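**Student:** The structure follows.
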Amino acid sequence: MSSNAKDLTDLKVQDELLFDGNPTFGSVTEDVSRVVETKPGRMWYVLFGISLSLTLMLFSMVGYLFWEGTGIWGLNNPVGWGWAIVNFVFWVGIGHAGTLISAVLFLLRQRWRTSINRFAEAMTIFAVICALLFPTIHVGRVWLLYWVLPLPNQMEMWPNFRSPLLWDTFAVGTYFTCSLLFWYVGLIPDLATLRDRAKDKLSKMMYGIFSLGWRGGNRQWQHYELAYLVLAGISTPLVLSVHSIVSTDFATSLVPGWHTTIFPPYFVAGAIFSGFAMVMTLALIARKVYNLEHIFTPKVLERMSWVMLLTGSMVGYAYAMEFFIAWYSGNEYERFAFINRAFGPYAWAYWIMITCNVISPQLFWFKKFRTSIPLLFIISIVVNIGMWFERFVIVMTLSRDYLPSAWDYYSPTIYDIGIFIGSFGLFFTLFLLFLRFLPMVAMAEVKSVLPEADPHHGGSH
Amino acid sequence: MGLFKKLPGVIIAEFDSTGSLLHAAEKMSEAGYKKYDCHSPFPIHGMDKAMKLKRSPMGYIIGTMGLIGMSGMVGLTYWTNTYGYSMVISGKPYFSWQAFIPVIFAITILLSAFGAFFGMLALNKLPQLFNPIFNSDAFAKVTNDSFFVSVESHDPMYDEAKVKSFLESIGGKNVEVIKGE
Amino acid sequence: MKKENKVQEKKYFRSLEELEGSKEYKEKAGREFPEGASEMNNDWSRRNFMGIMGASIALAGLAGCRRPKEKIVPYVIPPEDVIPGIAQQYATTMPFGTSSYGIVVESHEGRPTKIEGNKLHPSTLGSSNAMIQASMLGLYDPDRSQKVLQKGKEKTFDDFTAFWVEKFASYKDTKGEGLAVLSESFASPTLARLKKNFEKTFPKATWATYEPVSDENIYLGLKFAAGKDLQPVYDYSQADVILSLDSDFSLTESEDITANAGFAAGRTIEDEQSKMNRLYVVETAFSGTGGVADHRLVIKQHEIVRFVNALAKKLGVKGSQETPNVDLPASCNAWLDPLVQDLIASKGKSLVVAGRRMPHGVHALVYAINNELENLNKSVKYVELRDVEVSSVDSLKALADRMNSGLFSTVLMLNANPVYNAPSDFRFKSALKKVENSIHVGLYNDETAKACSWHIPTTHYLENWSDARSVDGTASVVQPLIAPLFNGKSAVEVLSLVVSGEFVDGHTIVKETWKDLVSGGFDSSWRKVLHDGVITSSSSKTITPDYKSEYIYEVVGYLDQGNKDGIEVVFASSPSVFDGRFANNGWMQELPGAVTRIAWDNVAQVSKKTADGLGLKSEDMIDININGAVIQMPLWVVPGTADDTVILELGYGRKGIGRIADKAGFDVYHARTSSAMSYASGATIVGTGRTFELANVQDHWSMENRPIVREANKEDYEHHPEFAKHAVHHPPLESMWTEFKYDKGNQWGMAIDLTTCTGCSACTIACQSENNIPVIGKQEVRNGREMHWIRIDRYFSGDVDDSASVEMVHQPIACQHCEMAPCEQVCPVAATVHSDDGLNSMVYNRCIGTRYCANNCPYKVRRFNFFNFTKETPEIVKMAMNPDVTVRARGVMEKCTYCVQRISKARIEAKKEDRLIVDGDVVVACQQACPANAIAFGDINDPESNVTKVKDRNRAYDLLAELNIRPRTSFLAKIRNINPNMPTTKIKPVDSKH
Amino acid sequence: MAQIFPSWTNKLPLILLVVVVGIGVSKVGFFSYFGSPEFTDVGYRPDQPVDYSHKLHAGDLGIDCRYCHVSVETSAVSNVPPTRTCMNCHTLVNTDSDKLAKVRESWQTGKPIEWVRVHKVGEYAYFNHSIHIDRGVGCISCHGNVAEMEKVTQAEPLSMGWCLDCHRNPGPNLRPVDEVTNMYWEKPDNQAEFAAKIIKEKNISPPVNCAGCHR
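Have a look at this one:
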């Protein structure tokens with residue numbers, strides 16, 4: 000990644016790579032605010048209607064799940080974790096690109112991030128909300144879930160801090176909180192912009208409250224910038240730690256095929272991979288729907304496809320290395336687990352995964368694939384499918400472990416499928432609300448990287 | 000209570016570019032103004048220096064919070080596993096510190112983030128929904144494409160006429176006097 | 000009259016107490032079934048039977064003592080000897096066909112909750128089998144018949160008495176002309192006495208006895224050979240070489256417990272120098288006994304007959320030389336010489352047994368062979384048949400014929416269900432229509448009850464007074480543990496009423512019989528009988544019969560006739576529902592077959608080659624045409640089944656019996672005729688093109704070359720005594736941390752001997768009974784969520800296409816209580832942790848149900864309550880639950896606890912007596928039940944304890960020990976004592992194709 | 000731009016902060032006090048079908064607990080006495096007292112008196128009376144001074160933490176076995192010494208692992 004990053008630092012703002020046309024402070028404000036201030040088109044309502052219905056389906060299915068128990072899913076004795084955990088890892092992974100774009104690229108002074116970081120952060124938050132849903136609902140007695148928190152109680156019992164699930168609770172909880180704070184801090188000046196442009200009383204009130212009375216004074220900017228920097232700084236290890244910890248759910252167990260040290264880095268790479276794919280998907284849709292071609296420029300998209308090529312290759316390398324280590328270790332259970340993945344009952348899933356995750360991003364070696372919007376869109380979706388299957392393949396390793404007598408095959412029920420699809424409904428509902436009510440591009444940040452934002456800009460004329 | 004003292008009036012002047020605002024800031028600080036601020040739609044590089052602002056204490060706040068988080072979590076894991084209810088889990092030692100690192104790390108990060116967020120709010124005295132400066136209609140542009148300098152009436156050098164003319168002299172336009180609370 | 004045993008807190012009684020008073024409950028109990036209960040077709044099939052059965056039972060009066068009336072005192076007065084919270088144990092007997100099982104029943108505040116074998120009884124010797132264990136649940140079956148019915152209308156027993164008193168007078172006058180009784184077979188002094196009275200009172204009446212699965216052939220064969228009614232009594236422990244001819248003696252034959260125990264006794268080896276018996280099995284289907292065989296010959300049923308004939312000839316059995324020579328498959332010929340050699344070498348120390356499916360001629364020959372091999376009065380003895388009523392197909396045929404001719408005005412059916420299970424050519428149902436008064440006495444309102452004019456609900460054996468004889472003649476008493484739950488009348492009481500014309504209670508009748516059985520003062524002897532359950536010195540006379548070789552020739556002459564082409568159909572009794580009597584028993588239905596691993600259904604078992612030849616695969620629905628009768632059921636491939644043979648288990652496909660029975664399996668009886676009760680030739684199989692999803696708990700055949708069940712030939716074992724320990728090479732097992740030292744106090748551990756385990760599943764059901772394991776229903780088993788804490792794994796080895804080469808092993812797997820348990824560290828709420836005595840505790844009430852522990856368990860022994868499996872359990876069934884064990888809620892993990900409730904009890908008792916726990920204080924449920932004594936349990940910190948010694952044997956190994964998890968359960972490697980002269984002499988490599 | 004919010008709104012954040020923190024703290028306090036068995040269970044004093052006075056019988060008359068609660072020394076369960084136990088005396092004493100009408104009714108009809116349960120641990124916790132008595136834990140330790148209760152009242156929380164406190168340190172609750180039912184037994188000055196001695200002698204090692212009580 001570092002070579003790519005180096006490339007990117009050479010970018011010159013003046014190259015006009017980032018924003019097509021000749022944007023000014025005013026035009027940026029206008030372009031971005033307009034989306035929020037005008038009534039959305041029919042398309043938005045259609046999409047929102049669909050998403051909301053899916054969300055309602057999600058809630059009703061979750062309600063039924065709470066009523067009946069996790070037996071409504073396809074889980075069985077060897078496969079104690081099914082789609083719920085697959086979806087959890089999938090959504091957490093998606094979230095990572097948001098943090099990477101907003102925090103890591105911020106620290107690396109990657110100015111091209113400014114057009115997509117708000118977007119990506121929003122995606123992170125909504126993805127993490129979807130992710131958190133799954134471990135919550137997958138437990139057998141959801142009403143006792145608070146026992147994972149170290150609260151004093153009459154039983155004098157404490158959680159078991161050795162459990163990777165508890166690490167998850169803390170890590171993903173922290174991740175969500177930090178991402179939310181980071182996002183919100185970034186939103187404050189833009190909310191102030193909307194407040195100052197608002198026409199009706201309700202908007203004024205709402206944006207007024209949430210912009211906290213922001214005045215844009217430098218004495219505020221001073222602390223603000225530091226807070227933002229530090230939040231970016233502490234979010235960066237989170238990108239690495241959260242998915243590493245999620246991977247320990249598998250890696251610290253002794254299930255053959257799970258018990259591997261390669262999991263943390265490979266999960267992080269996979270997370271970024273899938274996250275970028277999701278950002279790409281969303282950005283391409285938003286670009287089309289809101290005519291933001293001059294903000295999500297082909298150049299930005301091309302850089303994102305580089306990242307996908309890189310992380311996709313890393314993921315492919317990890318797959319190969321897993322196989323090699325399984326063979327090299329001489330552990331028969333480990334060997335079997337991997338041979339079983341590729342040629343066992345779930346071979347179909349494995350080869351979908353390989354096709355989508357390893358082969359499809361290799362197309363980005365060709366410029367045509369990096370620059371063609373339809374192809375980018377297709378590949379980004381394919382990668383998302385592939386990354387879901389990666390988690391599916393991993394979780395399904397459970398179906399065949401040490402004792403063949405216990406082996407069984409897992410098939411999802413309509414509730415598995417419905418809740419997964421419903422989580423997309425929830426995600427898009429939140430995302431569409433975000434597009435409708437919040438500035439989808441960080442205006443203040445974009446302005447700060449415009450040529451005229453440079454104090455010496457005027458002088459150099 | 001000190002926290003609730005009345006907000007002062009301000010005099011504001013508009014500037015048209017980042018360059019002129021930076022220039023104005025330099026002049027203001029040179030002239031010895033203390034209670035003034037430079038408003039812009041985005042943070043301007045070099046402005047802290049131009050205004051001669053002290054380093055933000057944010058770092059200390061965040062660091063302290065992080066330390067509290069870390070030591071608190073080390074303490075909690077140690078106490079619960081050795082004194083609270085020590086249990087034999089997988090034959091491992093009661094205080095299996097290696098396994099506790101992830102939670103300790105997470106809480107350290109979490110409290111640091113709280114430090115950053117709430118520290119920033121506290122230092123900026125936010126939320127502050129009412130401010131006399133909002134009485135100015137022109138000031139609304141500050142979140143769009145305009146730049147302002149504001150001087151509070153609490154400033155030791157405050158004199159309405161002098162300030163007005165000084166602001167005009169450093170290139171401020173549409174100078175406006177806003178009454179305090 | 001009781002042994003007292005103290006236990007800790009009770010649980011369910013508490014809620015029953017509370018519930019009993021509640022208004023809702025009384026309302027519920029008032030209605031019979033909630034509306035719509037009969038037409039439930041919810042997808043979650045556990046509801047289909049567990050459903051809103053509600054409290055359909057008059058539980059009124061439950062509060063007080065449910066002990067028999069004779070003992071009942073008003074419940075404002077404490078019942079004698081009942082101390083709340085302390086379980087009592089009573090000795091009684093479970094009658095079973097012509098044999099009986101002496102048992103000890105644990106009772107909590109008047110509710111029987113658990114059955115164990117009675118050490119004093121010769122047929123159980125303190126252990127038990129799955130059927131005995133599960134019969135407990137049958138007591139509380141809410142589907143049991145609860146009303147006297149006359150032509151479908153509710154009557155009282157008094158109505159019936161009045162009816163009979165009238166009839167009695169007229170039949171007495173006619174000496175029983177037109178009166179017939181069809182009885183189940185029994186071995187009971189009281190019933191035999193009543194039968195004699197019946198014959199005396201009604202000399203012209205007819206008495207028929209019928210069991211669909213019986214030892215009739217054995218008795219007939221012995222009568223042929225010896226000229227007498229004899230009962231064989233085997234002592235497997237006396238035999239060094241055992242030849243089983245289609246006899247699954249360890250599970251489905253009579254006297255399975257003693258057979259298992261005796262066989263295991265000759266096979267339990269201390270070390271490589273110990274002597275070990277050798278088992279040859281010739282069989283058609285794959286049985287558990289075939290699985291432990293050292294050599295197994297797979298041939299069709301009719302070929303076994305030929306094989307026995309040839310064997311007799313080789314052995315020079317008198318009279319066999321004149322029999323015709325018949326062709327034998329090549330595999331048989333290769334077997335004969337070494338087998339004969341081995342048998343002759345062990346003269347007087349061998350045993351030949353034949354299964355009940357074999358025609359009586361084979362049994363005659365087997366008698367002759369044992370005689371020839373000088374085994375009489377050593378490994379086999381014969382005793383006189385006393386008080387035994389043997390099933391006779393001929394008697395049933397005579398009865399049916401005469402019914403059809405309208406010769407009977409009254410037929411009484413005592414616990415018989417001929418409409419369902421009589422040979423189909425008797426057309427019993429239509430014969431019944433010609434009888435004016437057909438009276439059915441039975442536990443269920445079953446097929447026969449529905450076709451009869453009278454139905455009398457009878458009592459479960461735990462509710463009534465009766466008596467029984469074991470096969471060796473030992474008399475034992477059947478005493479009630481609880482007053483009849485559904486106001487049933489026992490067979491003894493009904494028969495007595497029939498004979499005498501007046502109702503006398505069972506207690507009086509039985510005491511009347513026993514006046515002649517006990518010696519000394521009646522009262523004190525009787526009290527001792529009630530306490531012990533048996534009269535220990537009451538076994539029958541041993542008879543050494545004359546050997547009548549002339550009969551053998553006759554028998555052999557007809558041994559082998561007719562065209563045997565086509566597919567041979569074998570009618571087998573089911574190890575789960577037996578002949579159908581356990582069809583409504585959830586525990587038995589959900590018990591997967593030891594070989595098929597299928598629960599809830601019977602299947603057409605065929606070999607791989609046969610299935611391939613037919614172009615069919617497992618779970619294909621097939622039509623089996625047996626000479627015109629068609630059975631439609633799913634096919635299931637069982638490697639090691641004889642080719643061109645299909646095995647069908649009886650007892651399934653019931654209709655209108657109860658929620659459990661009705662949807663389980665397919666009826667086979669309708670295609671079974673009196674001419675082919677055991678097997679039929681010339682069947683055809685065609686696929687229907689449809690499939691049927693079976694509740695299969697293990698679809699994998701192979702061990703995948705993994706060192707799971709470690710196995711060796713005796714000879715190899717002698718050369719490499721530590722082979723089991725060295726089966727896995729792994730780096731030194733070191734921890735990165737200081738391990739917890741389990742070195743103080745008691746440290747519990749277990750060892751399971753795979754050499755003697757036959758996969759009989761007694762442990763699984765004993766565990767289910769002891770630990771309140773729910774029944775989850777067919778759909779949930781299909782979904783792979785079986786709850787049994789002990790899983791009996793079954794693996795095949797060899798070439799599945801060649802049935803002769805296939806071997807089978809069983810391995811019971813429960814929680815191994817790893818010292819460094821991988822499940823514990825992953826639980827976020829510390830719901831599974833270790834206790835300092837080395838138990839991997841599962842704390843249900845702390846569990847939030849993440850299922851992470853189950854994922855991380857390498858043995859996959861953790862069981863999850865995916866639904867609230869007990870929510871809809873009828874209150875009456877809850878009475879079977881053990882109050883010392885928590886009933887698990889939905890969303891909670893559970894697993895084997897090493898019977899922690901028994902450990903706690905022992906610990907508390909020891910402390911109260913200010914002593915330490917000694918070896919034998921804690922006997923866990925599976926260990927107690929195991930007839931083969933294959934399970935050892937105790938304190939591994941005590942060098943003198945049995946379990947320590949067993950674990951110290953050189954063939955002990957820890958499964959998956961290379962994971963450094965330190966399991967507390969060890970296995971003793973399986974040793975096969977192979978005859979080097981036999982054609983197959985090696986343990987075959989595992990085929991990993993499947 | 001006009002002001003959106005009046006000036007007093009600037010006080011809101013701080014007020015809100017105080018209120019939220021205040022509510023949070025008091026909520027935790029509320030639940031940790033009112034939600035705990037100390038509050039919810041201690042002092043539970045249901046009306047019983049018969050106004051039986053432990054104060055009169057056990058206190059004033061000095062009848063030993065075990066006269067009625069017979070099984071306490073042998074069984075896990077300490078029984079509630081059957082009607083016969085009452086009638087042992089009340090066929091002679093107070094034979095026509097109104098208070099005893101229900102007892103006599105039960106005696107005549109054979110219908111048991113339905114007492115209301117006072118002390119109850121979770122159904123998944125298996126408490127055994129006999130072993131506690133055997134080790135010398137006084138009735139009073141868990142049931143309070145019953146001899147002074149007109150109506151039986153729960154005196155202790157019977158919560159897991161409360162159980163554990165004693166299981167971890169049984170010393171303070173141990174007494175000579177023959178003083179177990181004595182409500183007025185006073186700890187000797189050398190209680191610690193006595194406890195240490197008896198713990199050693201009787202090998203008292205109450206389980207603190209989960210399986211000790213949960214199974």
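Protein chains in written order, with numbering that gives the first Met the number 0: chain A, 0 to 460; chain B, 0 to 180; chain C, 0 to 993; chain D, 0 to 214. Even glycine gets a Cβ: it sits at the ideal position worked out from N, Cα and C. Values in this document were obtained by computation on a predicted structure and should not be read as measured data.
If you count every other CB in all the chains shown that lies within 10 Å of the CB of V212(C), and 16 or more means buried, which is it?
**Tutor:** Here residue 212(C) refers to the residue found at position 213 of the third sequence. Label assigned to V212(C): buried.
**Student:** Three Cβ pairs or more, each shorter than 8 Å: is that satisfied between the region 135-150 of chain A and the region 836-850 of chain C?
**Tutor:** A contact exists between the region 135-150 of chain A and the region 836-850 of chain C.
**Student:** For my contact list, L998(C) and V476(C) are in at a C-beta cut-off of 8 Å; report their separation, rounded to the angstrom.
**Tutor:** Only positions 0 to 993 of chain C appear in this structure, which leaves residue 998(C) out of reach.
**Student:** Please look up how many angstroms separate the CB atoms of L296(C) and S330(C), rounded, as I've assumed it's under 8 Å.
**Tutor:** Stepping through the third sequence from its first residue, residue 296(C) is reached at position 297. Stepping through the third sequence from its first residue, residue 330(C) is reached at position 331. Rounded, the Cβ-Cβ distance is 6 Å, consistent with contact.
**Student:** V637(C) to S606(C), Cα distance in whole Å?
**Tutor:** Counted from its first residue, the third sequence places residue 637(C) at position 638. Counted from its first residue, the third sequence places residue 606(C) at position 607. Whole-angstrom Cα-Cα distance: 5 Å.
**Student:** Between which two residues does the beta strand (DSSP E) carrying L201(A) extend?
**Tutor:** Here residue 201(A) refers to the residue found at position 202 when the first sequence is read from its first residue. Unbroken run through L201(A) is the alpha helix (DSSP H), K200 to F209; no beta strand (DSSP E).
**Student:** Between P171(D) and chain A, is any beta-carbon pair separated by less than 8 Å?
**Tutor:** Counting from 1 along the fourth sequence, the entry for residue 171(D) is found at position 172. P171(D) does not count as touching chain A.
**Student:** So, does the region 591-602 of chain C touch the region 712-721 of chain C, judging by three or more C-beta pairs under 8 Å?
**Tutor:** Judged by Cβ distances under 8 Å, the region 591-602 of chain C makes no contact with the region 712-721 of chain C, as fewer than three pairs qualify.
**Student:** Could you work out which residue in A186(C), H454(C) and S391(C) is closest to K154(C) when comparing CA atoms only?
**Tutor:** Translated into positions along the third sequence, residue 154(C) becomes position 155. The candidate whose alpha carbon is nearest that of K154(C) is H454(C).
**Student:** Considering only their Cβ atoms, is the gap separating T473(C) from I542(C) smaller than 8 Å?
**Tutor:** For the purposes of this step, residue 542(C) is identified with residue 543 of the third sequence, where counting begins at 1. For the purposes of this step, residue 473(C) is identified with residue 474 of the third sequence, where counting begins at 1. For I542(C) and T473(C), no; Cβs fall outside 8 Å.
**Student:** What does DSSP give as the partner residues of G441(C) in its beta bridges?
**Tutor:** Walking along the third sequence from the start, residue 441(C) turns up at place 442. The partner list for G441(C) (beta bridge, DSSP) reads P456(C).
**Student:** Determine the DSSP secondary structure at T232(A), reduced to helix, strand or coil.
**Tutor:** Here residue 232(A) refers to the residue found at position 233 of the first sequence. Here the sequence assigns Gly to residue 232(A), which means Thr is not the residue at that position. Here G232(A) sits in helix by DSSP.
**Student:** Just verifying my parser: in three-state terms, what is the DSSP assignment at C37(B)?
**Tutor:** As a working note, residue 37(B) is residue 38 in the second sequence. It is a strand residue.
**Student:** Do Q927(C) and E183(C) count as a contact pair if the criterion is CB distance below 8 Å?
**Tutor:** By one-based count along the third sequence, residue 183(C) stands at place 184. By one-based count along the third sequence, residue 927(C) stands at place 928. Cβ atoms of E183(C) and Q927(C): not closer than 8 Å.
**Student:** Who are the neighbours of P821(C) on chain A, taking C-beta pairs under 8 Å?
**Tutor:** To locate residue 821(C), count along the third sequence from 1; it is residue 822. By Cβ distance, chain A contributes S252 and L253.
**Student:** So, D482(A) versus P158(A), is the Cβ gap smaller than 8 Å?
**Tutor:** What the structure shows of chain A is the stretch from 0 to 460, and residue 482(A) is not part of that stretch, so it cannot be assessed.
**Student:** Grab me the residues of W7(D)'s own chain with a C-beta within less than 8 Å of its C-beta, minus the 5 sequence neighbours each way, in chain order.
**Tutor:** Taking the fourth sequence and counting its residues from 1, one reaches residue 7(D) at position 8. So the list is empty, once near-sequence residues are dropped.
**Student:** Please classify V636(C): does DSSP put it in a helix, a strand, or coil?
**Tutor:** Walking along the third sequence from the start, residue 636(C) turns up at place 637. Residue state, collapsed to three classes: strand.
**Student:** In whole angstroms, give me the CA-to-CA distance for P40(B) and P255(A).
**Tutor:** Numbered from 1 along the second sequence, position 41 holds the residue referred to as residue 40(B). Numbered from 1 along the first sequence, position 256 holds the residue referred to as residue 255(A). Distance between the alpha carbons of P40(B) and P255(A): 56 Å.
**Student:** Using a Cβ cut-off of 8 Å, which residues of the region 286-303 of chain C contact any Cβ in chain A, in chain order?
**Tutor:** Result list empty, no residue passes.
**Student:** Put R140(A) into one of helix, strand or coil per three-state DSSP.
**Tutor:** As a working note, residue 140(A) is residue 141 in the first sequence. DSSP places R140(A) in coil when its eight states are reduced to three.
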